[in-house]
Structures are given as C-alpha cells and as structure tokens.
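Enquirer: The structure's right below; bear with me while I get my questions together.
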RNA sequence: GCCGCGUUGGUCAAGGGGUUAAGACGCCUCCCUUUCACGGAGGAAUCACGGGUUCGAAUCCCGUACGUGGUACCA
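The following block contains the structure:
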C-alpha cells in the first residue's frame, strides 16, 4: 500500500508526488491510496477532499480505495481519530519516550530569547534545555499529576535521545544520517488534543498498513523524529520505505513554487479551478486554461525524472512501464510554462480529435459558438489542430468556420487594392455562383484561371481572399476554408468585404 | 546561526574517469508554405569555484561559494 501525502491544496508538486507514487505502485503491483495529510483543523476547508478527488480523476490517477467514504480504515478525518493518536502519545509517555510539557508560549519565547542572548546556535527545545523547562521530566511525579489534575494545558513532546546517530535509506537519495543532537523535542500532541503531522503520519501509516510513502523534500529534516516514533511504537522493521521528492521551484528567481507565483507570472499552479470558500478567490487550473490531462501528467512526470533516453512524450501507460524511482532527480527543478505548453501542443497533435472534441465544444460554447454538427466540428478541428497550443486556441483558430469574422483587417488589403482586383473578385463571385462542385481543388483551379485571364498573379489575390474569409492573416489553406464554409457563406463574405473597401 | 539536501547552456536534462559534452523547450537564421502555424536544415549558448587523486576529472575525494528546505502547539 502506498501513500503520497499531498499536503494543503493540490498544486503541481502535490500532483507530481501522487503521480510518482501511482507509477511506482502500478509498476510493482501494489494498492495505491492517497491520503491528504492536513491535521490543522483551522485550515480545513469544506469541499477540499472532493476537489482533490476530482483533480485526481481528471488526471487519471484514481486511488484504489476511496479516501472519501468508509472502507476498512475509516474514519479518515484527523478530528475523528483524535483518541487514537492520544492513546499512542500516552503510551510513549508511559514508556519514557515522551513527556508532558506545560510551558506557555510566553515561556517558550523567553527560553529562545535567553538562548539567543547566550549566543547559542540552536534555539531548539531539545536535550540540552529540556531539564530547565516546565515539563514532566523536570517536575516530580506528584507535581506533574497535580498540574494535570488542575487541567493545566499541556502538550506531549517526544524525548529525543542525545548523542545518537539515526540513519535510513531513502528510495531516491540513498543513505541519510542525522545526529540526534540537532533534533528537537517535537510536539506530538497539541494542547487542543490534536496530533501534529509527526504523530499522525506514523500512526496512520501503521494503522493503514502503508509500505511505501512519498512526500516532498521539505519533510527530510523531520525524518529522524518519525524514525524514533516508529522505533518506539511499532518497531523499525515495520517502517515504510520513504521517497522524498525534489521540490518544484519558481521559474524566475529562487524558492518553492507557490500559488502566488502563478498569479504573478500568469500560469496556473493547480490542476483544476479552485475557489476558496472563505475568501471566494478563484485560482486557475490547468484543466480550465485548456490543458489536456495527458499533457499535464506528461509535463509533471518529466520534471525531475526521465528514462535516460531521448523520449519526452509519454502516455500514462508508458510511464507506468518505464518509470523507475532510481531515476528521479535529487535536485529541485524550475517550472517552465513555455515547455508545459509545448507538451500540450504535442498532445493536441497526436491525440485523435474525437477524444477531446467535447471539451473543445465547451470552450467554443463559452465563447458564444453553439456547435450543432459534430461531424463538421471534427473536420474543422482536424484542419486547425496543428496551430493550437491550448484547447481554447480552437476558438481563435476556428471561429470563422462557424460565424463571419467579427472584424475584417481591411488595412492589410487597401494599400495594394485597385480596380483590377476589384474586378477579379466580382468575376470570382459570378464564377463561384455557377460552380457545381464545391471542393477545394476545383475552387483553386477556377481562382487561378480567372486570375490569369485578368493578368493578375494569384499570389497577390490570395491574401485579400484570406482576409475576406477569415478576417486576418492566419488560418489553414484558403480553399480548404472556402470549401468548408459553403458556397453561400464564401460569396457572402467576399461581397461583404468588397462593400467595406468600396 | 545551526542542521539536512542539492549545483551540467536562460530552462528541463543525458552522460558517473578518455565523448566533437546527447536531446528537448525558448531564442536566431534559412527552407517549405503566395497567410499563420506544422514540418525540415542550421546556429548561438553549459560542466559554480579552488585544491587534491590520476597519464587523464563534468565524472572520484576535500574545501569554498551559491541555492534550497528545516530549525512552530504549520503542514
């Protein structure tokens, strides 16, 4: 059983953590479960679980066991598991591996101030300082009991041994060693009775029988605490294998990529649109901005991993087949939105249009184009897909197949416009009206024939013709367009522009 | 400050003692296309620094620098 821990929301790093875990689990034939580790109830937002589940579904990374409902390991919410965590914390105290601490926030501040004043290079609540603090280690048993009986607020802290080395083997980084003298006595159970992440992951991993756990690199420094917990609670042999994934960094400057960077630089960092129910703020998603899930998964997979070949475009199935955890990088990678768009472009080109036609239809609909003929839409998409990077580019690249251009770039025609050309188009309209075979080869033939009769170069006439049909200097071949939009529409657009130019 | 992790073009990266140091994105030039793209051919651009080890170092070792994460009753 595998458990990536996307903490907080589902941003790029979170999805990638889940993705790598998914690939690893599928490759090795294990169950894949996703657990959202967020023990802070004050930050919990209604709908976040469903939202994350929807994102995973869009990405095609559906867990083997629903994290939302029932199952043999329910309940899942931290608040509903409060008593379970407390039980383990109390057990640690009883065994001498943890202790009650009654220090108030003010006392903790004072302690740090004192340490700072002495020039100490550690401000931690650890072995060097704990015997000077207000806790059950220093207090006599009856003093502690008295405080407890009085209902004095307390936390339970782990008692980290001094002068020991703790090591473990990370699936990506290999052997890592920590000196316990640098590890502080982390709070395990908070004054409100809720566990901290440290206690919660260890207890949950054990109870939910997790064999491999994937999480972000930021958790590496707290690994010794978790190892100690495993040692005292369930035995080191039962401890899951860990993979600490590299961070995804800001494209510019340095630091971990955050939601704010996306807003600032104009790209999404979430998989799908997310509206914060409290602040009513909308955060843009890759899906809504016009990404294909295949591209989204692909770009995430190769950010910090590659299979050692030149291949860059991978489907999810290929990734499962070729993924290997050893090839995941140790260093963080900067996110590059340009490259992200390139992946989307690649997937738009190589996927059959039918597989994303529905979404394109929605994008067109959102722009006021109601598609009635799916077959027609397929043909249009086939014609323009090479020039679409995002799904909503289909609107700008193909709107003229469905409606007359909103504006005509007559400025690009006028400078070289003359009576000869005017005559040509009048003649072209007459010829096209009589055409019985409305097909691009025939249209082109007639066009060129009339041009040569009038002693005009077809090249000089193609651009005006294009602008008449499309509105500007873009789009597929002009005769393809004319053939698609029908005789009536073509003639209508020519005459309309002619009237504009005069 | 202390501790952990990292460092190959602007970005993603291959390579793990002998290579002309792959490839991709982006950028530039040209070809194709009587539009814009797609496609094709080229180009500029890289081993953080200093010491070792070695016949030989991007590659191994040690320092330094830089970056990043942690150092919370956040996750």
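Residue numbers (my numbering): 18 to 519. A virtual CB, placed ideally from N, CA and C, is assigned to each residue, including glycine.
(1) Assess, as a yes-or-no matter, whether the stretch 114-131 is touched by the stretch 85-103 under the definition of 3 or more beta carbon pairs within less than 8 Å.
(2) Exposed or buried, residue 315, counting other C-beta atoms within 10 Å across all chains shown (16 or more means buried)?
(3) Measuring only the C-alpha atoms, how far is residue 27 from residue 209?
(4) Between which residues of its own chain and residue 381 is the CB-CB distance below 7 Å, once the five residues before and five after are set aside?
(5) Taking the beta carbon of residue 501 as the centre, do at least 16 other beta carbons fall within 10 Å, making it buried, or is it exposed?
(6) Distance check for residue 359 and residue 280, CA to CA, integer angstroms please.
(7) Count the other C-beta atoms from every protein chain shown that fall within 10 angstroms of the C-beta of residue 371, then say buried if there are 16 or more, exposed otherwise.
(8) Enumerate in chain order the residues of its own chain whose CB-to-CB distance from residue 504 is below 8 Å, with the five nearest sequence positions on each side excluded.
(9) Only counting the same chain, and skipping five residues up and downstream in sequence, which positions put a Cβ closer than 6 Å to that of residue 135?
(10) Could you give the DSSP three-state label for residue 384: helix, strand or coil?
(11) Tell me whether residue 95 is buried or exposed, calling it buried when 16 or more other Cβ atoms sit within 10 Å of its Cβ.
(12) Just verifying my parser: in three-state terms, what is the DSSP assignment at residue 116?
(13) Helix, strand or coil for residue 513 per DSSP?
(14) Does residue 265 come out as helix, strand or coil in the three-state DSSP assignment?
(15) State the start and end residues of the unbroken beta strand (DSSP E) segment that holds residue 370.
(16) Could you name the residues of the same chain whose beta carbon sits closer than 7 Å to that of residue 25, not counting the 5 residues immediately before and after it, in chain order?
(17) Going by C-alpha distance, which of 341, 181, 211 is nearest residue 43?
(18) How many angstroms separate the CA atom of residue 35 from the CA atom of residue 233?
(19) Please return the same chain residues whose Cβ sits closer than 6 Å to the Cβ of residue 256, not counting the five positions on each side in sequence.
(20) Output needed for residue 63: all residues of its chain with C-beta closer than 7 Å, excluding positions within five of it in sequence on either side, in chain order.
(21) How is the beta strand (DSSP E) around residue 477 delimited, first residue to last?
(22) By a C-beta neighbour count over all protein chains shown, 10 Å radius and 16 as the cutoff for buried, is residue 137 buried or exposed?
(23) Under three-state DSSP, which class holds residue 351?
(24) Contact between the stretch 208-227 and the stretch 103-112 is defined here as three or more beta-carbon pairs at a separation below 8 Å; is this criterion met?
(25) Give me the DSSP bridge partner(s) of residue 174.
(26) Take residue 441 as the anchor and find which of 397, 512, 457, 384 has the nearest alpha-carbon.
(27) Under 8 Å: do the stretch 326-341 and the stretch 166-186 share three or more Cβ pairs, one atom per stretch?
(28) Output the distance between the C-alpha atoms of residue 74 and residue 67, rounded to the nearest integer angstrom.
(29) For the 8 Å Cβ check, are there 3 or more pairs between the stretch 141-151 and the stretch 198-205?
(30) I'd like the list of long-range same chain contacts for residue 366, defined as Cβ closer than 7 Å, with 5 residues on each side in sequence excluded.
(31) With burial defined as no fewer than 16 other Cβ atoms inside 10 Å of the residue's Cβ, what is the status of residue 353: buried or exposed?
Expert: A quick look at the data gives this:
(1) no
(2) On the first chain, residue 315 is found 298 positions in, with the first residue counted as 1. Answer is buried; the Cβ neighbour count reaches 16.
(3) Along the first chain, read from residue 1 onward, the residue named residue 27 stands at position 10. Along the first chain, read from residue 1 onward, the residue named residue 209 stands at position 192. If I take the Cα positions, the gap works out to 27 Å.
(4) Walking along the first chain from the start, residue 381 turns up at place 364. Cβ within range, chain order: 388, 411, 412.
(5) Position 484 of the first chain holds residue 501. Residue 501 is buried by the Cβ-count criterion.
(6) On the first chain, position 263 is the one that residue 280 refers to. On the first chain, position 342 is the one that residue 359 refers to. The straight-line gap from Cα to Cα measures roughly 20 Å.
(7) Position 354 of the first chain, counted from the first residue, corresponds to residue 371. Classification of residue 371: exposed, given that the 10 Å Cβ count is below 16.
(8) Reading the first chain from its first residue, position 487 is the one you call residue 504. Cβ neighbours of residue 504 beyond the five flanking positions: 449, 450, 452, 455.
(9) Taking the first chain and counting its residues from 1, the one referred to as residue 135 is at position 118. Contacts found: none.
(10) In the first chain, counting from the first residue as 1, residue 384 sits at position 367. Looking at residue 384 - three-state DSSP - the assignment turns out to be coil, as it is neither helix nor strand.
(11) Here residue 95 refers to the residue found at position 78 of the first chain. Its Cβ being crowded by 16 or more others within 10 Å, residue 95 is buried.
(12) As a position in the first chain, residue 116 is number 99, starting the count at 1. In the structure shown, residue 116 sits in a strand (DSSP, three-state: E or B).
(13) Counted from its first residue, the first chain places residue 513 at position 496. Helix at residue 513.
(14) Position 248 of the first chain, counted from the first residue, corresponds to residue 265. Residue 265 falls in the strand class under three-state DSSP.
(15) On the first chain, residue 370 is found 353 positions in, with the first residue counted as 1. Looking at the DSSP string, residue 370 is not in any beta strand (DSSP E), and its letter there is neither H nor E.
(16) Taking the first chain and counting its residues from 1, one reaches residue 25 at position 8. In this prediction, residue 25 scores a pLDDT of 49, lower than 50, which makes its location untrustworthy; no coordinate-derived value is stated.
(17) Stepping through the first chain from its first residue, residue 43 is reached at position 26. For the residues 341, 181, 211, the minimum Cα distance to residue 43 belongs to 341.
(18) Sequence index remark: in the first chain, residue 35 carries index 18 (1-based). Sequence index remark: in the first chain, residue 233 carries index 216 (1-based). Answer to the nearest angstrom: the Cα atoms are 10 Å apart.
(19) One-based indexing of the first chain puts residue 256 at position 239. Only 247 meet the Cβ criterion.
(20) Taking the first chain and counting its residues from 1, one reaches residue 63 at position 46. Result list for residue 63: 294, in chain order.
(21) Here residue 477 refers to the residue found at position 460 when the first chain is read from its first residue. Unbroken run through residue 477 is the alpha helix (DSSP H), 475-487; no beta strand (DSSP E).
(22) Indexing the first chain from 1 puts residue 137 at position 120. Exposed, since its Cβ has fewer than 16 Cβ neighbours within 10 Å.
(23) Here residue 351 is taken as the residue at index 334 of the first chain, counted from 1. Note: residue 351 maps to strand in three-state DSSP.
(24) yes
(25) Along the first chain, read from residue 1 onward, the residue named residue 174 stands at position 157. Partner(s): 116, 204.
(26) The residue you call residue 441 lines up with position 424 of the first chain. Ranking 397, 512, 457, 384 by Cα distance to residue 441 puts 512 first.
(27) no
(28) The sequence position of residue 74 within the first chain is 57, counting from 1. The sequence position of residue 67 within the first chain is 50, counting from 1. The alpha-carbon atoms of residue 74 and residue 67 are separated by roughly 10 Å.
(29) yes
(30) Taking the first chain and counting its residues from 1, the one referred to as residue 366 is at position 349. Result list for residue 366: 402, 403, in chain order.
(31) Along the first chain, read from residue 1 onward, the residue named residue 353 stands at position 336. Exposed is the call here.
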